[in-house]
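Each residue of the sequence shown is one higher than the last, beginning at 1150 in our numbering.
To start, the structure itself, in structure tokens.
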Amino acid sequence: MSDTALALSAIPGVPVPSVPGWEVVQIPPISPAEPLPAAVAEQAARATVVLSDVAPADSNAMTSLRWWQLGSAGYTQLAGHRFPERGVRVSNASGVNDIPIAEWCLLMMLSLERDLPAILAQSDRREYQRPQLFQSELRGRRVGIVGYGGIGREVARLATAFGLDVSVMNRSPIGPAPLRFAPAGTGDPDGTLEVHRYPMGDWAPFLADLDYLVLTVALNSATRSLIGAAQLKLLPRTAFLLNPARGALVDERALTDALESGELAGAALDSHYREPLQPDDATWSLPRTIITPHVSGSTGSPQYLPRVGELFASNLARFRDGRPLLNQVPPGDLPN
């Protein structure tokens, strides 16, 4: 690398980091459907690094590009840009939203455990009833977490603090995660929480006794429709499904059938098969289901943009020094 390399930051509000060896220039947000504006074309051709959630239609004109830092955890929006083929590394912003997504999961478990929707509906009707369901508690319940990245680890930490019995299914052995970004004091960075551990695909023993199933895995070719009819049938009829990750992790027909038949007690869904959900979308009609409008990640939180800036600054220093990047997406997982 030369003495000073050029990085472009295209996410408004992210603090522009001051990292020796880098000139970081703020540019307007990038549109995925349009080429870069002429005003930034020359800089884009020289830039080694870009911070943006999306790539422009003419990303192939960025001939010096070597690394793309996302401000989001998802990366399927980079399909069509051939980054793996072009030798461009990609790192996502996993960890930036660990706290709010994990808090959403606890909020949904508490809401489903005590049937908060029914409590609110009763309040709207000005009724005063005290059924046993409204007085239930989470402590001692069993939660299973599919995926033990940053979000899964923070869900496990919070669930453990609430006294839940935690099981984890992950495709790789659980251990330290030194190359994952995580806010200080969160998650399970050393992989030492007391959780029951299952390899990916060992569904029968993992699902058999759960009260809550939480999905925190990324969506890719291996995880699309990961939860189907076979998995839902293995859950107790009293179990609830929480999906703050991606709608397509769960087979839509299988989920609808399980909820409508009573095979599944209920669900909380924050990511959906179609977004934004239209008023006539069938998702709204799923019984015993809490629908939230993709807000678990809380990108509007005052902590979000500073955390993205912290991650970007750390990775700029790592890239400059030739050290491994935090949150680098394996090339094989990236869409071409």
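Glycine residues also receive a C-beta, built at the ideal position from the N, C-alpha and C atoms.
Only a predicted model underlies this, so the values are computations on that prediction, with no experimental measurement involved.
Q) With 16 as the cutoff for other CB atoms within 10 Å, does Leu-1328 come out buried or exposed? A) exposed
**Q.** Length of the line joining the Cα atoms of Ile-1268 and Ala-1416
**A.** 17 angstroms
Q.
Can you find the residues in the same chain that come closer than 8 angstroms, C-beta to C-beta, to Gln-1477, ignoring five residues on each side of it along the sequence?
A. Arg-1238, Val-1239, Ser-1240 and Leu-1328
Q: Please say whether Leu-1307 and Ala-1251 have beta carbons closer to each other than 9 angstroms?
A: yes
(Q) Output needed for Thr-1405: all residues of its chain with C-beta closer than 8 angstroms, excluding positions within five of it in sequence on either side, in chain order. (A) Ala-1431 and Leu-1435
Q) From this set, Ala-1204, Leu-1185 and Leu-1356, which residue's C-alpha is nearest Gln-1226's C-alpha? A) Ala-1204
**Q.** Met-1257 - containing alpha helix (DSSP H), residue span
**A.** 1247-1262
Q. Counting along the chain, where does the alpha helix (DSSP H) carrying Val-1344 start and finish?
A. Taken as a continuous stretch (DSSP letters only), Val-1344 belongs to no alpha helix (DSSP H), as it is neither H nor E.
Q | Beta-carbon proximity check, Gly-1336 vs Gly-1299, cutoff 9 angstroms | A | yes
(Q) Let's test the definition: count the other Cβ atoms within 10 Å of the Cβ of Gln-1218 and tell me whether it reaches 16, buried, or not, exposed. (A) buried
Q. Is it true that the CB of Val-1399 sits closer than 9 angstroms to the CB of Leu-1364?
A. yes
Q.
Taking 9 angstroms as the threshold (C-beta atoms), are Pro-1233 and Pro-1480 in contact?
A. yes
Q: With a threshold of 16 other CB atoms inside 10 Å of the CB of Ser-1506, please say whether the residue is buried or exposed.
A: One cannot answer for residue 1506 here, as it falls past the ends of the chain, which runs 1150 to 1485.
Q: Please go through the same chain and pick out, in chain order, the residues whose beta-carbon is closer than 7 angstroms to the beta-carbon of Arg-1231, but skip the five residues on each side of it.
A: Asn-1485
Q: Work out the CA separation of Arg-1235 and Leu-1426 for me, nearest whole Å.
A: 35 angstroms
Q. CA-CA distance, Cys-1254 and Leu-1390?
A. 10 angstroms
Q) Mind checking whether Pro-1178 and Asp-1207 have CB atoms under 9 angstroms apart? A) no
(Q) Applying the 10 Å Cβ sphere with the 16-neighbour rule, what's the burial state of Arg-1402? (A) exposed
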